[in-house]
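Chemist:
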Amino acid sequence: MRIPDEADFRSRLRSAAVTARVGLWLGICFGVCFLTGLVSHYAQNAAHPVPFPTSPAWGYRVTQGLHVVTGTAAVPLLLVKLWTVYPRLFRRPERGWRNLLLDVLERGSVLVLVASAVFMLASGLANSAQWYPWSFSFRTTHYAVAWIAIGSVVLHVAVKLPVVRGALGSDVDDAALDRPAATEPGVLTRRGLLRATWLAAGVAVVATAGIAVPPLRRVSVLGVRSGRGPQGVPVNKSAVAARVTASATRSDYRLVVANGDRQVALSRPDLLALPQSTRELPIACVEGWSAGGTWTGVRVRDLLDLVDVPAGTDVLVTSLQESGPFTTTVLHGNFADDDRTLLALALDGEPLSLDHGFPARVIAPDRPGVLQTKWVARIEVPA
Ligand SMILES: Nc1nc2c(c(=O)[nH]1)N[C@H]1C(S)=C(S)[C@@H](COP(=O)(O)O)O[C@H]1N2
Ligand SMILES: [Mo]
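The numbering of the sequence shown is my numbering, which starts it at 162 and goes up by one.
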């Protein structure tokens with residue numbers, strides 16, 4: 162079989178005029194994804210040299226919803242963009258060592274760009290579908306590769322800027338920037354291809370956005386966890402999956418609040434006897450879905466006051482769940498002290514269901530869902 166040559170690809174659709182237009186939107190999606198991803202990564206860090214804000218309560222819901230929606234919209238955009246440029250892969254090597262070197266460098270940088278972009282979208286989509294066909298830590302790897310991806314995007318845009326400006330500045334049917342071989346009409350017009358691409362990206366947005374935008378829930382066929390769970394809020398990990406059904410329902414359950422030697426142990430009736438607050442706060446999962454709930458429980462600050470924890474102290478929350486990545490979480494001082502941060506005992510006016518974290522769970526404003534620890538056993542000042 163003969164390796165094809167760049168000149169074998171003759172469709173007029175594969176033009177810089179199309180690539181640049183799709184690339185612009187792809188770049189916007191990648192930019193939004195990158196920035197919202199930085200927010201999410203920082204929010205989940207154990208150390209917050211600069212405090213992560215607790216307001217607006219719906220902040221993380223918006224940034225993480227945008228993260229997943231723009232990442233999903235990027236999939237059709239990336240596919241179309243790659244389709245318009247892949248004949249360049251079959252260019253014959255340049256002559257002369259200087260040109261050859263430049264050629265190798267360019268191909269190398271495009272390889273890094275494509276590989277990292279595909280990795281980001283594939284790992285992100287798999288994660289939002291709760292499918293983990295890998296053994297590496299998702300968050301660390303997705304974060305590290307994000308820097309490689311955004312770095313190669315910036316380099317690529319810088320290198321291509323003259324072509325991009327030329328392409329965006331002239332009509333989409335202008336042939337000035339076409340490869341000499343790209344002369345045959347395609348099955349669609351260029352405008353038609355662009356319209357189909359925007360449509361595909363739009364469908365991807367509508368099909369996922371329902372995870373965060375309730376009115377779209379019924380059309381969001383790609384949205385995971387968009388169905389309703391007990392008490393109107395979806396459940397991520399059930400009590401059975403977390404193996405806490407026995408420990409969470411024992412009658413001798415006690416919440417331990419500890420500050421060194423100062424400790425209190427509170428049963429659920431003890432907790433219910435403390436002053437209760439009710440707050441409207443969302444669960445906003447890193448997978449992008451979110452749902453608002455009306456939570457009632459004890460202010461975490463009131464619990465910490467029982468053992469004289471000074472204001473601004475970071476505390477460690479430990480779940481009854483014995484294994485898994487979310488069994489302990491740090492509740493930073495500004496979150497612990499916020500009036501709206503609760504150890505929730507009830508949702509929508511009913512006792513918390515087992516799957517939502519009975520006997521007690523953390524719910525705080527503007528906090529990634531993974532940190533809203535369910536089945537809480539201990540709240541303590543770390544040694
Ligand atoms: N102990 C424990 N708490 C947990 C989890 C978990 O696996 N174990 N999952 C977290 C995640 S990823 C999310 S999105 C929220 C979901 O809360 P819900 O199931 O009540 O909607 O719980 C969080 N709390
Ligand atoms: Mo989550």
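C-beta: ideal position from N, C-alpha, C; glycine also. Just so we're clear, the structure is a prediction, and the values are computed from it rather than from any experiment.
Can you find a heavy atom of ligand 1 that lies under 6 Å from the Cβ of tyrosine 191?
Modeler: Here residue 191 turns out to be phenylalanine, not tyrosine, going by the sequence shown. Result no, Cβ not under 6 Å from ligand 1.
Chemist: With 16 as the cutoff for other CB atoms within 10 Å, does valine 318 come out buried or exposed?
Modeler: Valine 318 comes out exposed.
Chemist: In the structure shown, what three-state DSSP assignment does glutamine 291 receive?
Modeler: Three-state DSSP puts glutamine 291 in coil, outside helix and strand.
Chemist: For the candidate residues Pro529, Arg528, Gly530 and Thr534, whose alpha-carbon lies nearest to that of phenylalanine 519?
Modeler: Looking at the Cα atoms, Thr534 is the closest of the given residues.
Chemist: Where does threonine 474 fall in DSSP's three states?
Modeler: DSSP places threonine 474 in coil when its eight states are reduced to three.
Chemist: Can you name the start and end residues of the alpha helix (DSSP H) that valine 179 belongs to?
Modeler: Valine 179 -> alpha helix (DSSP H) spans 177-205.
Chemist: Are there 16 or more other CB atoms within 10 angstroms of the CB of serine 176, so buried, or fewer, so exposed?
Modeler: Result: buried.
Chemist: Under the three-state reduction of DSSP, which class applies to glutamate 511: helix, strand or coil?
Modeler: Three-state result, glutamate 511: strand.
Chemist: Verify whether the separation of the beta carbon atoms of alanine 178 and valine 325 is less than 7 Å.
Modeler: Taking 7 Å as the Cβ cut-off, alanine 178 and valine 325 do not qualify as a contacting pair.
Chemist: Can you tell me whether asparagine 260 is buried or exposed? The criterion is at least 16 other CB atoms within 10 Å of its CB, across all chains shown.
Modeler: So asparagine 260 ends up on the exposed side.
Chemist: Can you give the Cα-Cα distance for aspartate 339 and proline 217, rounded to whole angstroms?
Modeler: Their Cα atoms are separated by approximately 49 Å.
Chemist: With 16 as the cutoff for other CB atoms within 10 Å, does glycine 198 come out buried or exposed?
Modeler: With 16 or more other Cβ atoms within 10 Å, it is buried.
Chemist: To the nearest angstrom, report how far apart glycine 363 and arginine 171 are at their CA atoms.
Modeler: C-alpha separation (whole angstroms): 29 Å.
Chemist: Which residue or residues does DSSP assign as beta-bridge partners of valine 417?
Modeler: Per DSSP, Ala426 and Arg539.
Chemist: Can you name the start and end residues of the beta strand (DSSP E) that threonine 490 belongs to?
Modeler: Segment 489-492, the beta strand (DSSP E) holding threonine 490.
Chemist: Under 7 Å, do alanine 208 and leucine 282 count as touching if we go by C-beta distance?
Modeler: No.
Chemist: Are the Cβ atoms of proline 391 and serine 480 separated by less than 7 Å?
Modeler: No.
Chemist: Ignore the nearest five residues each way along the sequence and tell me which others in valine 111's own chain have a CB closer than 6 Å to its CB.
Modeler: A question about residue 111 goes unanswered here, because the residues of the chain that appear run from 162 up to 544.
Chemist: Take proline 165 and list the residues in its own chain whose beta-carbon comes closer than 7 Å to its own, dropping the five residues that flank it on each side.
Modeler: Cβ neighbours of proline 165 beyond the five flanking positions: Phe251.
Chemist: Which residue wins for smallest C-alpha separation from valine 211, given the options Val537, Leu504, His493 and Gly510?
Modeler: Of Val537, Leu504, His493 and Gly510, the residue nearest in Cα terms is His493.
Chemist: Listed by chain order, which residues have C-beta atoms less than 6 Å from any heavy atom of ligand 2?
Modeler: That query returns the following residues: Asn397, Cys446, Val447, Glu448, Gly530 and Val531.
Chemist: So, are the CB atoms of tryptophan 456 and alanine 403 less than 7 Å apart?
Modeler: Cβ atoms of tryptophan 456 and alanine 403: not closer than 7 Å.
Chemist: Tell me whether glutamate 441 is buried or exposed, calling it buried when 16 or more other Cβ atoms sit within 10 Å of its Cβ.
Modeler: With fewer than 16 Cβ atoms within 10 Å of its Cβ, glutamate 441 is classed as exposed.
Chemist: If you follow the alpha helix (DSSP H) that arginine 351 is in, where does it begin and where does it stop?
Modeler: Looking at the DSSP string, the run of the alpha helix (DSSP H) that includes arginine 351 is 351-370.
Chemist: When the distance is taken between beta carbons, is alanine 452 closer than 7 Å to phenylalanine 496?
Modeler: No, they are not a contact pair.
Chemist: Applying the criterion that 16 or more other CB atoms from any shown protein chain within 10 Å of the CB defines a buried residue, is leucine 263 buried or exposed?
Modeler: Exposed: under 16 other Cβ atoms inside 10 Å.
Chemist: Can you tell me which of the three DSSP states valine 314 falls into?
Modeler: Helix at valine 314.
Chemist: Going by the CB atoms, is the gap between arginine 222 and proline 443 shorter than 7 Å?
Modeler: Yes, these two residues count as a Cβ contact at 7 Å.
Chemist: If you measure from the CB of isoleucine 540, is any heavy atom of ligand 1 nearer than 6 Å?
Modeler: Isoleucine 540 Cβ: outside cutoff for every heavy atom of ligand 1.
Chemist: So does the segment 239-258 actually touch the segment 459-475, counting three or more Cβ pairs closer than 8 Å?
Modeler: With a cut-off of 8 Å, the segment 459-475 and the segment 239-258 do not count as touching, because too few Cβ pairs lie within range.
Chemist: Go to leucine 442, then tell me how far its beta strand (DSSP E) extends in each direction, as first and last residue.
Modeler: Element bounds for leucine 442: 438-445.
Chemist: Just tell me which of Thr502, Val447, Glu483 and Leu465 has its CA closest to the CA of cysteine 194.
Modeler: The option with the nearest alpha carbon to cysteine 194 is Val447.
Chemist: Strictly by DSSP, which residues pair up with serine 480?
Modeler: Note: serine 480 sits in a beta bridge opposite Val537.
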